[in-house]
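Enquirer: Just dropping this structure here.
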Amino acid sequence: MVASTLVGMLCAHLLCFSGMFLLISRRLPGNRMGMDFFAAGNLLLASAYILQLIEGGPAWSLMSVANHILTLAAPIAYCLGAMRFFGRPVRLWRWLILFAIVYGIAQCLVQWGAGPAARYAMLAATATMLFFAMVIAVIYGVRTFAKDLRGEMIFFAFLIGGICVLNALKFLKIVDGGLDALHMDNRFQMSFYIYMSTLATIVPPSIVWLVLRRLTDNLRNMAARDPLTDLLNRRGIQEAVERYFDARNAAPAYLMLVDVDHFKGINDTHGHQAGDEVICHIATLLRATVRRGDLTARIGGEEFVVICLETDAEGGMLLAERLRANVESQAARIAGSGHLVSCTVTIGISPHFYGAQGMGDALRQADAALYRGKAAGRNRIEWANIADNNSAGCSSAGNTTVATAKGHPA
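If you count the sequence shown from 1, position 80 lands on 78 in my numbering, and the numbers rise without skipping.
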């Protein structure tokens, strides 16, 4: 009687949270983060336990076959939901239908060949392997695709590991004692149902927490990025610089201010849509040119910032020249018309700066150097003067670079 009450409460929990997951999934635009799959998993598991209550005990019937299929289909749905949560485009019902057919046939073969105890042992063994694979996947995720959710993933690995161990013990008990080990009111089964009821209470709110955290992270990321180019914006690059300098032994950084030459003329001649295409083209070249770890941002209409990390003045200059040359040599293709629009950029480079508080001064120094480059003819690089922010370290146009201040590379 106590076991039946526990299983009934477990079914109620699973059905309630299944409905909640389904409602949440309908409120999530586009990517539902696997919440509809988690709802299906809860519904499948609740259905399995309902059939178990109706069945009353181990038996060979269509209801029993369906019970076993639903019991194992639930963790498969959870696995597929987790894949959807982490951005993998997978389908649910195709895999579940295929599994139902294969496992249904396997049950018939085992029942006829080895008897009912073997069929129930197969259920426990298959569940053990499924949950063990889930634990391995979660541990792998901590080191790869889910590094930002390290604490939560370890927590889930611990809970799933508990189910794995209980199913392994159930397999051993069936092998040792036959179907008597499955009596609902024995001590082991009671422990199993208590653990599953606890999971049904803990896991669904934890999943909701993961979704809320991911949504919050997405909103924070959107607030830190330029919507047109997906580069960092002013706020985003300031926060990134703060994180960099918060690390121990952070090396000084260099700031490049990149401005598209004659951008107003591009808008006036080709239209604002073409202007947006040029901006996106420059952003693409920035991503392709900078080194891994460097920071890129769009801080104005046609102004970009590159923060060069872990480099020296010569490395910063070489990067700036490579960027200037790439923009000059690669025209932007305008979508729809197919027209090519050529453009150039002028780049001002600040002296090295330490700490996030030095970024404002570095930006002003690079801006002064940029205006000198504009006045000197554009399509060039100007290096800010360390001492007084006046005329600068180096100028370059075309493929020629000339040093004009002591201590700065050509």
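Glycine included, every Cβ here is placed at the ideal spot set by N, Cα and C.
CB-CB under 6 Å to Gly437, same chain, minus the five flanking residues each way: which ones, in chain order?
Expert: Missing from the structure shown is residue 437; the chain here goes from -1 to 408 and no further.
Enquirer: DSSP state of Ala382, grouped into three classes?
Expert: coil
Enquirer: According to DSSP, is Lys106 part of a helix, a strand, or is it coil?
Expert: The question names Lys, yet the displayed sequence has Cys at residue 106. Cys106 falls in the helix class under three-state DSSP.
Enquirer: Suppose contacts are defined by Cβ-Cβ distances below 7 Å. Is Met132 in contact with Ile152 by that definition?
Expert: no
Enquirer: May I ask you to verify whether the stretch 47 to 67 touches the stretch 101 to 111, counting CB pairs closer than 8 Å and requiring at least 3?
Expert: Touching, yes.
Enquirer: If you count every other CB in all the chains shown that lies within 10 Å of the CB of Phe156, and 16 or more means buried, which is it?
Expert: exposed
Enquirer: Going by other Cβ atoms of all chains shown within 10 Å of its Cβ, with 16 needed for buried, is Ala72 buried or exposed?
Expert: buried
Enquirer: Quick check on DSSP: helix, strand or coil for Tyr252?
Expert: Tyr252: strand per DSSP, three-state reduction.
Enquirer: Apart from the five residues just before and just after Phe97, which ones in its own chain have a Cβ nearer than 8 Å to its Cβ?
Expert: Closer than 8 Å at the Cβ level, and outside the excluded window around Phe97, lie Ile67, Leu70, Ala71, Ile74.
Enquirer: For Gln355, count the other beta carbons within 10 Å of its own beta carbon; 16 or more makes it buried, fewer makes it exposed. Which is it?
Expert: exposed
Enquirer: Using the three-state DSSP reduction, which class does Val343 fall into: helix, strand or coil?
Expert: strand
Enquirer: Beta carbon of Gly346, beta carbon of Ala364: below 7 Å?
Expert: yes
Enquirer: Considering just the uninterrupted stretch of the beta strand (DSSP E) at Val303, what are its terminal residues?
Expert: Per DSSP, Val303 belongs to the beta strand (DSSP E) from 301 to 306.
Enquirer: Tell me, please, whether the stretch 310 to 321 touches the stretch 261 to 268 by the rule of three or more beta-carbon pairs shorter than 8 Å.
Expert: no
Enquirer: Would you kindly check if the distance between the Cβ of Leu8 and the Cβ of Ala198 is under 7 Å?
Expert: yes
Enquirer: Considering Cα atoms alone, identify which of Trp93, Glu312, Thr3 is closest to Ile52.
Expert: The closest CA to that of Ile52, considering only Trp93, Glu312, Thr3, is found on Thr3.
Enquirer: Just how far apart, CA to CA, sit Pro114 and Leu177?
Expert: Answer to the nearest angstrom: the Cα atoms are 8 Å apart.
Enquirer: Who does Asp359 pair with in a DSSP beta bridge?
Expert: DSSP links Asp359 through a beta bridge to no other residue.
Enquirer: Return the first residue and the last residue of the beta strand (DSSP E) that Thr294 is part of.
Expert: 293 to 296
Enquirer: If you follow the alpha helix (DSSP H) that Lys145 is part of, which residue opens it and which one closes it?
Expert: DSSP places Lys145 outside any alpha helix (DSSP H), giving it a letter other than H or E.
Enquirer: Keeping to the same chain, check which residues put their C-beta closer than 6 Å to that of Met182; ignore five residues upstream and five downstream.
Expert: Ala1
Enquirer: What first and last residue would you give for the alpha helix (DSSP H) that runs through Gly79?
Expert: For Gly79, the enclosing alpha helix (DSSP H) starts and ends at 60 to 83.
Enquirer: Which residues bound the alpha helix (DSSP H) around Gly334?
Expert: Note, Gly334: premise wrong, no alpha helix (DSSP H); not H, not E.
Enquirer: Going by beta-carbon coordinates alone, are Phe84 and Phe143 separated by less than 7 Å?
Expert: yes
Enquirer: Would you mind stating whether Val339 and Glu300 have Cβ atoms separated by less than 7 Å?
Expert: no
Enquirer: Going along the chain, which unbroken runs of the beta strand (DSSP E) with 3 or more residues stay wholly within the stretch 191 to 279?
Expert: Runs of the beta strand (DSSP E) inside the stretch 191 to 279: 252 to 258.
Enquirer: Near Leu361, which residues of its chain fall below 8 Å by C-beta distance, leaving aside the five closest residues on each side in sequence?
Expert: The beta carbon of Leu361 sits closer than 8 Å to those of Leu253, Leu255, Val303, Ser348, all from its chain and outside the five residues before and after it, given in chain order.
Enquirer: My guess is that Gln105 and Arg117 are in contact by the Cβ rule of under 8 Å, so how many angstroms apart are they, rounded?
Expert: 6 Å
Enquirer: Is it the case that the stretch 239 to 249 contacts the stretch 188 to 206, given that we only count it when at least three CB pairs across the two stretches are under 8 Å?
Expert: no
Enquirer: Measuring alpha carbon to alpha carbon, tell me which residue in Arg212, Cys278, Met127, Tyr369 is nearest Glu150.
Expert: Selected option, being the one with the closest Cα: Arg212.
Enquirer: Confirm, please, whether the CB-CB distance from Cys278 to Asp292 is below 7 Å.
Expert: Asp292 places its beta carbon 7 Å or farther from that of Cys278.
Enquirer: Distance, Cα to Cα, Gly273 vs Phe261?
Expert: Roughly 7 Å between the two C-alpha positions.
Enquirer: Roughly how many angstroms separate the alpha carbons of Arg89 and Leu12, rounded to a whole number?
Expert: 22 Å
Enquirer: DSSP has Phe351 in a bridge; who is on the other side?
Expert: Paired residues: Ala251.
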